[in-house]
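Residue numbers for the sequence shown follow UniProt numbering, beginning at 1 and rising by one.
Beta carbons are placed, not taken as given, at the ideal position from N, Cα and C, and that holds for glycine.
All values derive from a computational prediction rather than experimental measurement.
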Amino acid sequence: MGSIANESWGPEVITVDVVAAKCLIQTSHAYLDVRTVEEFQKGHVDAEKIINIPYMFNTPQGRVKNPEFLKEVSSACKKEDHIIVGCQSGVRSVYATTDLLTEGFKNVSNMGGGYLDWVKNEFPVKVHLELVKNEVTLKAPSDLVKNELPVKTPLVG
């Protein structure tokens, strides 16, 4: 567990690694994924309480901060909620966590390493299959593929 303290950034951001984040998400915390909707749909942390609110949008001019970010989070979460904030690699989530703490959210932590570290640790993820259905081959276990039915021998009496 580490922290980043920088007076120009505002409040102290507590950063937890993905192992600690996984434990917190499985027990008590909501997971706020601040990546773009496109990134989220390609794969995200498998959590019961998960919210995707992009912190930034991709535009032809580059990334632009979501002007409605704080308003959207405030409508989805209470300021007392326990929240882990994550992104792709852990950079956007630091900025998002700082903004949330500045806005008065009390129990917000950054997930260091982001989704990339989550995947590297082989933790559970969800992928929206409709986006990749042409790339996914689903195979049934061999014991479910049998086409034969058991044959009963007639009783001779």
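>> Could you tell me the alpha carbon to alpha carbon distance between Arg63 and Gln26, rounded to whole angstroms?
In response: 31 Å
>> For a test of the three-state rule: what should DSSP assign to residue 158, helix, strand or coil?
In response: No answer is possible for residue 158: the residues shown for the chain start at 1 and end at 157.
> Are the beta-carbon atoms of Gln42 and Tyr55 separated by less than 8 Å?
Replying inline: For the sequence presented, residue 42 should be read as Lys rather than Gln. No, these two residues do not count as a Cβ contact at 8 Å.
>> Here's the rule I'm using: 16 or more other beta-carbon atoms within 10 Å means buried, otherwise exposed. How should Leu116 be labelled?
In response: exposed
>> Is it buried or exposed, Thr15, if we count other Cβ atoms within 10 angstroms and call 16 or more buried?
In response: buried
> Is Phe57 helix, strand or coil when you go by DSSP?
Replying inline: strand
>> Which residue marks the beginning of the beta strand (DSSP E) containing Val86, and which one marks its end?
In response: Before going further, note that residue 86 is Gly rather than Val in the sequence given. That run of the beta strand (DSSP E) goes 82-86.
> Distance, Cα to Cα, Leu32 vs Val91?
Replying inline: 14 Å
> What distance in whole Å lies between the Cβ atoms of Val37 and Asn58, which are believed to be in contact at a cut-off of 8 Å?
Replying inline: About 10 Å; that fails the 8 Å criterion.
>> Quick check: the Cα distance between Glu103 and Gln61, rounded to an integer number of angstroms?
In response: 28 Å
> Between which two residues does the beta strand (DSSP E) carrying Ser28 extend?
Replying inline: Run containing Ser28: none; DSSP gives neither H nor E here.
> Is it the case that the Cβ atoms of Glu80 and Asn107 are separated by a distance below 8 Å?
Replying inline: yes
>> For a test of the three-state rule: what should DSSP assign to Lys71, helix, strand or coil?
In response: helix
> Who does Lys65 pair with in a DSSP beta bridge?
Replying inline: Met56
>> Between which residues of its own chain and Ser93 is the CB-CB distance below 8 Å, once the five residues before and five after are set aside?
In response: Val34, Tyr55, Val85, Gly86, Cys87, Asn110, Met111, Gly114
>> Distance check for Leu70 and Thr98, CA to CA, integer angstroms please.
In response: 11 Å
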